[in-house]
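Participant: Sending over a structure as structure tokens; questions will come in a sec.
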Amino acid sequence: MRRKWITVLILFVGVIPFVAISIVPLLSTVFNPNQSTATPVDTAAIEQVQNQTAELEAQEKGYQLVLEREPKNATALEGLVMARLQLIQMGQREIKSVIQPLQTLAELQPEQTDYSVLLGQAQQQTGDREGAAQTYQRVLAKAPGNLNALRGLVDLYLEQDRPQAAIGLVEETLQQADQANQLQPGTVDISSVKLLLGDIYLNQQQFDDALALFQNLAKENPNDFRPVLAQAMTLTNQGKAKDAAPLYAQAVTLAPPQYKDQIQQTAEQAETLSQPSPESSPE
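Quick note: the sequence shown uses the UniProt record's numbering, first residue 1, plus one each step.
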């Protein structure tokens, strides 16, 4: 349950704009190694998938023809990435097929760091950790508060069993946040970065550090549901379901309407997991 933080907390930030919004949910599915693709179970479904595959392959070919004439056509490059991502999701292409067009997009429009973030995600999923780290670092050099690049680099460090490097990266970002925000307001979302630091503590089972951080953050931002939810989930991981229950309820109260159901489901799941199995109950 600890690694649910990225989806449950950080994605609640709501400050992660992408150039191609439709790419983002697709990437989160395609780049998730645990995500399985549904298998068609009837003739109609099989035919529908085949038709969709043929249509996407035709789009892919069309964009490739354009790029043969205009290799730096940003519209065609983005269209090619979109088509291939959908084909990847259907098991018809590999993730590495989007790396080259994303590299070109990142070079053509360096001010649009979103392309570089997507590139880093693709590199990370294909095992090119060094390339992904360099990509994320280039993004952070231009935009130190880019949460996607920051958490991408954090995940790389944790994959390499380098938790202190991950903690140091986030703490350095926090140390520089005030100066960065003075130069350009809104550069670093301090609360979100602190939540990411708490996620690292949880990953390392430093529950006391995580809980203290989330409690302080809740005091600093009494109307923000995220640190309240973070406390509840921390206590759940410690097996303290009864202590977590009122915090889940408080998080539901504070959260915007679009998040209330998801938080409630998380609370119910935590309560279910905390209950002893019938086999362990005394007769």
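Heads up, the beta-carbon is just placed ideally off N, CA and C, and yes, glycines get one too.
(1) Out of N223, A165 and F207, which one is the CA nearest neighbour of A232?
(2) If you follow the alpha helix (DSSP H) that M82 is part of, which residue opens it and which one closes it?
(3) Suppose contacts are defined by Cβ-Cβ distances below 8 Å. Is L217 in contact with Y201 by that definition?
(4) Could you give the DSSP three-state label for V193: helix, strand or coil?
(5) Counting only the same chain and skipping the five closest in sequence on each side, list residues whose C-beta sits under 8 Å from that of T104.
(6) Which residue wins for smallest C-alpha separation from A255, given the options D243, G239 and P227?
(7) Which runs of the alpha helix (DSSP H) fall wholly inside the segment 165-194 and span at least 4 residues, in chain order?
(8) Work out the CA separation of L183 and A177 for me, nearest whole Å.
(9) So, at 7 Å on beta carbons, what are the nonlocal neighbours of residue 286 in its own chain, with the 5 sequence-adjacent residues on each side left out?
(10) To which residues of the same chain is L169 closer than 8 Å at the C-beta, ignoring the five residues directly before and after it?
(11) Can you look up T224 in the DSSP assignment and give me helix, strand or coil?
(12) Could you tell me the boundaries of the alpha helix (DSSP H) in which residue 344 lies?
(13) Taking the alpha-carbon of A249 as reference, which of K240, E268, Q258 and T234 has the nearest alpha-carbon?
(14) Does the beta-carbon distance from L211 to I190 come in below 8 Å?
(15) F225 to P257, Cα distance in whole Å?
(16) Could you say which of L119, L247, R93 and D199 lies nearest to P163 if we only look at CA atoms?
(17) Here's a check: name, in chain order, each residue in its chain whose Cβ is nearer than 7 Å to the Cβ of A244, leaving out the five neighbours to either side.
(18) Going by CA-CA distance only, name the one from D128, V66 and Q160 that's closest to K96.
(19) Keeping to the same chain, check which residues put their C-beta closer than 6 Å to that of T126; ignore five residues upstream and five downstream.
(20) Just how far apart, CA to CA, sit L108 and R69?
Facilitator: If we stick to the structure as given:
(1) Nearest C-alpha to A232: F207.
(2) If you look at M82, you'll find it in the alpha helix (DSSP H) that goes A74 to Q89.
(3) No, these two residues do not count as a Cβ contact at 8 Å.
(4) Of the three classes helix, strand and coil, the one that applies to V193 here is helix, per DSSP.
(5) Once the five neighbours on either side are set aside, the close Cβ partners of T104 are P71, K72 and L77.
(6) With distances taken between Cα atoms, A255 lies closest to P227.
(7) DSSP runs (the alpha helix (DSSP H)) wholly in the segment 165-194: none.
(8) In this structure, the straight-line span from the alpha carbon of A177 to that of L183 is close to 10 Å.
(9) Residue 286 lies beyond the residue range present for the chain, which begins at 1 and ends at 283; the question has no answer from this structure.
(10) Cβ neighbours of L169 beyond the five flanking positions: L150, L153, V154 and Y157.
(11) Per the sequence shown, the amino acid found at residue 224 is Asp instead of Thr. DSSP, reduced to helix, strand and coil, places D224 outside both helices and strands of the structure shown, so it counts as coil.
(12) The chain is shown from 1 up to 283; residue 344 falls before or after that span and cannot be answered.
(13) The candidate whose alpha carbon is nearest that of A249 is E268.
(14) Contact check for L211 against I190 fails: the beta carbons are separated by 8 Å or more.
(15) It is roughly 12 Å from the alpha-carbon of F225 to the alpha-carbon of P257.
(16) The closest CA to that of P163, considering only L119, L247, R93 and D199, is found on D199.
(17) Excluding residues within five positions, the ones whose Cβ falls inside 7 Å are A232, L235, T236 and A270.
(18) Per the Cα distances, D128.
(19) Counting only Cβ-Cβ distances below 6 Å, and skipping sequence neighbours, we find I95 and K96.
(20) Taking the straight line from one Cα to the other gives about 16 Å.
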